[in-house]
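J.: Its first residue numbered 78, the sequence shown is counted upward by one per residue in my numbering.
My questions will all concern the structure given below.
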Amino acid sequence: MGAGIRAARRRVLTPGLPATSLDGRGFHPKDAAAQELLTEIGRTYRAGFGSAAGARAPADVEPDLEAVPTRYRGFAYEGAAMGFAVRDGLPLGRHDLLEEFLRGRAADHASMAWSGAGWAMARLPRARWVRPDRLDPLLRWHTLDGYGFHQAYFRTRRYVGDRARAARFPWPGGDSPDGYPHRAIDQGIGRALWFVGGADAWRVAALIDTFPAHRRADLYSGAGLAATYAGGASADELVRFREGSGEHCGQVALGSAFAAEARVRAGLVGPETELATEILCAVSPAEAARVTRTLRPNPADIDDDGAGVPAYETWRQRVATALVPGGARR
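Following this line, the structure appears as structure tokens:
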């Protein structure tokens with residue numbers, strides 16, 4: 078395929094700037110610094126998507142992604158993963174681009190990449206969704222997390238204002254509103270609430286507390302992840318967020334630990350990561366990552382069929398318990 082056709086594909090597929098701008102979304106502006114941070118995350122995501130949309134092959138985007146500053150690089154990989162997943166869902170062309178992408182440097186950003194695949198699900202017809210059996214059996218839930226993030230970010234009135242939740246979701250275990258796919262989607266919605274609330278920790282907690290009580294644990298864990306991975310809050314704000322989460326402090330610590338593990342694995346730890354884990358987990362990023370990895374299930378023990386509690390959730394709650402002994406957990 079020629080360079081001209083690839084450039085045209087990039088222009089057609091890549092979202093316009095207003096789509097990823099906080100001003101364009103009407104999200105809460107806490108202050109100029111937080112707004113610029115979250116806006117730059119959106120710009121970086123869009124740029125990663127654009128690189129993938131116009132690339133000849135997944136390896137071709139790696140130099141662009143690796144040139145992104147440390148704080149934002151994971152979001153570039155997430156956007157690129159969405160771009161390749163969207164291309165996989167198109168009628169013509171290859172359908173294994175995301176898998177190939179994850180065999181390269183994106184392997185160090187696996188949780189972010191699977192989240193990007195979830196964004197693609199929200200933009201593709203269901204017949205073009207990535208099949209669950211082609212996903213990592215443990216990390217596939219990050220895909221639904223990404224789907225939930227997308228819906229809350231782009232369909233904020235429905236998913237945040239109206240607190241919508243589908244009665245059924247076309248995924249193994251999604252036939253019942255109590256099935257785990259709905260919980261994984263809520264984890265992504267919680268992550269998006271950090272952006273909707275403009276990284277204003279008190280406002281984010283207030284938003285979460287407007288949701289039904291049985292959904293708040295997953296929402297708090299998602300927000301704790303975003304507070305650590307994206308940042309944007311001061312030490313005092315993070316303390317207030319931890320304390321404001323009340324019985325869900327273990328879920329906040331869990332989300333923070335998962336974010337720390339993702340940044341440690343990718344070599345992207347910065348001062349904001351250290352600040353968040355010290356306050357939300359009471360340990361360093363390295364220790365939070367160690368706990369998360371130590372408790373990770375053995376692949377041979379993962380045999381989830383969509384019914385019951387998946388190994389991923391068992392893992393999550395073990396991490397929450399380890400970080401907040403005797404703490405709140407579902």
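The C-beta atom is built at its ideal place from N, Cα and C for all residues, glycine as well.
Do you know offhand how far cysteine 326's Cα is from alanine 278's?
T.: Their backbone Cα atoms lie some 14 Å apart in a straight line.
J.: Please state whether the Cβ-Cβ distance between tyrosine 230 and alanine 194 is less than 7 Å.
T.: Cβ distance not < 7 Å, so tyrosine 230 and alanine 194 don't count as in contact.
J.: Note down, in chain order, each residue of its chain lying with its Cβ closer than 8 Å to the Cβ of glycine 181, except the 5 sequence neighbours on either side.
T.: Taken in chain order, the residues that qualify are Pro135, Ala136, Glu139.
J.: Under three-state DSSP, which class holds glycine 170?
T.: Coil, per DSSP.
J.: Taking C-alpha atoms, which residue in Gly119, Gln394, Ser128, Thr398 lies nearest to phenylalanine 152?
T.: Of Gly119, Gln394, Ser128, Thr398, the residue nearest in Cα terms is Gly119.
J.: Within its chain, find whatever has a CB closer than 8 Å to the CB of arginine 293; leave out the 5 residues flanking it on each side and keep chain order.
T.: Excluding sequence neighbours, arginine 293 sits near Ile285, Asp286, His325.
J.: Below 7 Å between beta carbons: does that hold for leucine 115 and phenylalanine 226?
T.: In this structure, phenylalanine 226 does not lie closer than 7 Å to leucine 115 by Cβ.
J.: So the candidates are Leu315, Phe104, Gln112, Asp222; which of them puts its Cα closest to the Cα of glutamate 351?
T.: Ranking the options by Cα distance to glutamate 351, first place goes to Leu315.
J.: Assign arginine 133 to one of two classes, buried (16 or more other C-beta atoms within 10 Å of its C-beta) or exposed (fewer than that).
T.: Under this definition arginine 133 is an exposed residue.
J.: Run through DSSP, which three-state label would histidine 219 get?
T.: If DSSP states are grouped into helix, strand and coil, histidine 219 belongs with the helices.
J.: Take arginine 393 and list the residues in its own chain whose beta-carbon comes closer than 6 Å to its own, dropping the five residues that flank it on each side.
T.: For arginine 393, where only same-chain residues beyond five positions count, the Cβ hits under 6 Å are Leu331.
J.: Touch check for the region 165 to 173 and the region 122 to 131: three-plus C-beta pairs under 8 Å?
T.: No: fewer than three Cβ pairs fall under 8 Å.
J.: How is arginine 86 classed by DSSP in three states: helix, strand or coil?
T.: Confidence at arginine 86 is low in this model, with a pLDDT of 43, below 50, so its placement is unreliable and no value can be given for it.
J.: Within a Cβ cutoff of 7 Å, which residues of the same chain sit near proline 209, ignoring the five residues on either side of it in sequence?
T.: So the list reads Arg217, Trp248, Pro249, once near-sequence residues are dropped.
J.: I need the boundaries of the alpha helix (DSSP H) containing alanine 366, first residue and last residue.
T.: That run of the alpha helix (DSSP H) goes 362 to 371.
J.: For the pair the region 363 to 381 and the region 186 to 201, tell me if three or more CB-CB distances fall below 8 Å.
T.: With a cut-off of 8 Å, the region 186 to 201 and the region 363 to 381 do not count as touching, because too few Cβ pairs lie within range.
J.: Quick check on this structure: which residue in Ala244, Asp173, Ala183, Arg234 has the alpha carbon closest to the alpha carbon of arginine 211?
T.: Looking at the Cα atoms, Asp173 is the closest of the given residues.
J.: So, for leucine 400: in the same chain, excluding its five sequence neighbours on each side, which residues have a beta-carbon less than 8 Å away from its beta-carbon?
T.: For leucine 400, where only same-chain residues beyond five positions count, the Cβ hits under 8 Å are Gly327, Ala330, Leu331, Ala334, Cys358, Ala359, Val360, Ala365, Val368.
J.: Quick one: what does DSSP say aspartate 255 is sitting in, helix, strand or coil?
T.: Three-state DSSP puts aspartate 255 in coil, outside helix and strand.
J.: If you run the structure through DSSP and keep just helix, strand and coil, what is cysteine 358?
T.: If DSSP states are grouped into helix, strand and coil, cysteine 358 belongs with coil.
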